[in-house]
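For what it's worth, UniProt numbering labels the leading residue of the sequence shown as 1, then goes sequentially.
From the three backbone atoms N, C-alpha and C, an ideal C-beta is built for every residue, glycine too.
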Amino acid sequence: MPLKSDIHINVAKFEPCNASAGTAKANEDLINLLRDGPKWFEMGASKYRKMRDAGETPIPKPELLPDGLDIEIPSRDSDRVIPCRLIHPSWRKTTEERKKTRAIGYLIHGGGWVLGNQHSADVLLQFYADSGDLAIVSVGYRLAPECPFPCGPNDCIDVGEYLVKHGKEVFGSSLKFIGGESAGAHLSLLVAFHLLKYLPDFKLSGLILHCDLEKFRGRLPSALFTCGTEDPLLDDSVTMATKWMMMGGEAVLKIYTGAPQAFIDMKDKLKEAMDAQEDTKTWIKDCMVKL
C-alpha cells in the first residue's frame with residue numbers, strides 16, 4: 001500500500017489553465033497600469049499618498065460611504081490619538097440600532113506598511129459589516145518611512161486593546177474578528193498574538209488573513225487565509241495555514257487560481273475577487289453561529 005501524505009492539497013487550484021477566462025487579461029492590464037504610473041519610492045511616499053487620495057494615480061480614488069464615521073481612539077502616547085473609520089451594517093441607521101450589532105470586526109488595511117489609511121476600503125468594510133451584522137473598525141496606523149517600526153504595530157495593538165476593554169461600552173458589542181490584507185494581514189497576526197498573550201480571558205471568534213504558536217495551542221481562533229496563485233505571498237499563506245492547523249487551530253485556506261496580490265477588492269475586474277468575498281461572507285456566518 002502506498003505511503004499516504006498527512007497533508008492534502010487540491011492541485012487543480014494551482015493549474016494556470018484553470019483560471020477564469022478574464023483573469024490573465026486583468027493581470028496584464030494591472031501590470032501595464034502600474035508600470036506606466038508614478039512610483040511612490042521614486043517621488044516619495046508622502047507625495048504619492050496625497051496623489052492617491054486625490055485620484056491622481058492609476059489606483060482609483062477610495063470611495064467614502066456617507067454613513068461611515070470618522071472616530072478617534074486613544075493611543076499609548078498621551079499627546080496623540082489614532083484616527084479610525086467605523087462602518088455599521090447598512091440597515092442599522094440610528095445610534096440605538098447600531099448598539100445592537102452582534103460583534104465588532106477589526107480590519108487593518110494593507111499597503112506595504114507605507115500606503116493606505118483608514119479610508120482605503122469603505123465598500124469592502126461595508127460588505128463585511130453586512131455579512132455578519134458587525135460594527136467594523138478600520139485603523140489609520142502610522143506609516144513608514146516617516147514613522148518606522150514599531151509605530152505602526154503599536155497603533156494597531158492600541159486599537160485592539162481598546163476594542164477589547166471598551167467595545168461593549170462604546171460600540172455595544174465585543175471584539176470577535178480581526179483581519180486584513182497583505183501588510184494588514186501581518187499586522188492582524190501581531191495584534192491577535194498580543195491580545196491572546198496579554199489578555200488571557202480574551203477569546204477571538206475568527207481571524208481573516210488575506211512565530212512560535214505553541215504557547216497559543218487551544219486558544220487559536222478559526223482563521224481564514226485567502227490567496228491568489230499569482231501572489232508572491234502564496235507560499236507564506238500555505239505554510240501559515242498549515243502551521244495554524246499544526247498548533248490546534250481551525251484554518252480555512254482558499255486558493256484563487258490566477259488571482260494577483262491584494263485582489264480581494266477587485267470585484268469589478270476579477271471573478272475571483274467576488275468568489276473570495278462570498279467565501280469570506282460564508283466563513284463569517286459560520287463563525288457567528290458559534291458565538
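Residue i in three-state terms, based on DSSP
i           : result
Val238      : helix
Arg35       : helix
Arg217      : coil
Val137      : strand
Gly179      : strand
residue 296 : Because the chain spans 1 through 291 in this model, residue 296 falls outside it and cannot be assessed.
Leu224      : strand
Ile108      : strand
Gly206      : strand
Ala192      : helix
Ala262      : coil
Ala103      : strand
Pro2        : coil
Supposed close pair residue i, residue j - CB separation, criterion 8 Å
i           : j      : result
Leu204      : Ala192 : 6 Å
Leu175      : Tyr128 : Not confirmed; about 14 Å, so no contact.
Cys287      : Gly206 : 4 Å
Ser20       : Glu272 : 7 Å
Thr57       : Pro38  : 6 Å
Gln118      : Gly140 : 4 Å
Tyr162      : Ile73  : 5 Å
residue 292 : His194 : The chain is shown from 1 up to 291; residue 292 falls before or after that span and cannot be answered.
Thr229      : Phe14  : 6 Å
Arg52       : Ile59  : 6 Å
Extent of the continuous beta strand (DSSP E) to which residue i belongs
i      : result
Ala251 : Ala251 to Tyr256
Glu72  : Leu69 to Pro74
Val81  : Val81 to Ile87
Of the residues the options, the one placed nearest residue i, counting alpha carbons only
i      : options                           : result
His8   : Val238, Gly110, Asp122 and Ile264 : Val238
Asp70  : Asp275, Asn27, Cys84 and Glu63    : Cys84
Lys25  : Lys269, Thr282 and Leu124         : Lys269
Gly44  : Pro145, Leu124 and Arg98          : Pro145
Leu233 : Met245, Arg219, Met247 and Ala259 : Ala259
Leu224 : Thr280, Tyr162, Lys61 and His166  : Thr280
Tyr198 : Asp158, Met245 and Arg49          : Asp158
Cys227 : Trp244, Leu220, Thr257 and Lys243 : Thr257
Lys99  : Ser78, Gly111 and Ala135          : Ala135
Met266 : Asn10, Pro62 and Ser188           : Pro62
Phe177 : Ala183, Glu169 and Leu189         : Leu189
Gly248 : Ser75, Arg217, Met1 and Asp236    : Arg217
Under 8 Å between C-beta atoms of residue i and residue j
i      : j      : result
Ser131 : Ile284 : yes
Thr250 : Ser222 : The question names Thr, but residue 250 is Glu in the sequence shown. Yes; because the gap between Cβ atoms is below 8 Å, this pair is in contact.
Phe171 : Ile104 : yes
Leu65  : Asp133 : no
Ile87  : Gly68  : yes
Ala241 : Leu253 : yes
Trp91  : Gly152 : no
Arg219 : Ser173 : no
Ile82  : Leu187 : no
Ala183 : Gly110 : yes
Asp155 : Ser75  : yes
Leu143 : Ile264 : no
Extent of the continuous alpha helix (DSSP H) to which residue i belongs
i      : result
Phe149 : That residue, Phe149, is in no alpha helix (DSSP H); it is neither H nor E in DSSP.
Met43  : Trp40 to Met43
Ser131 : Asp122 to Gly132
Glu96  : Thr95 to Arg98
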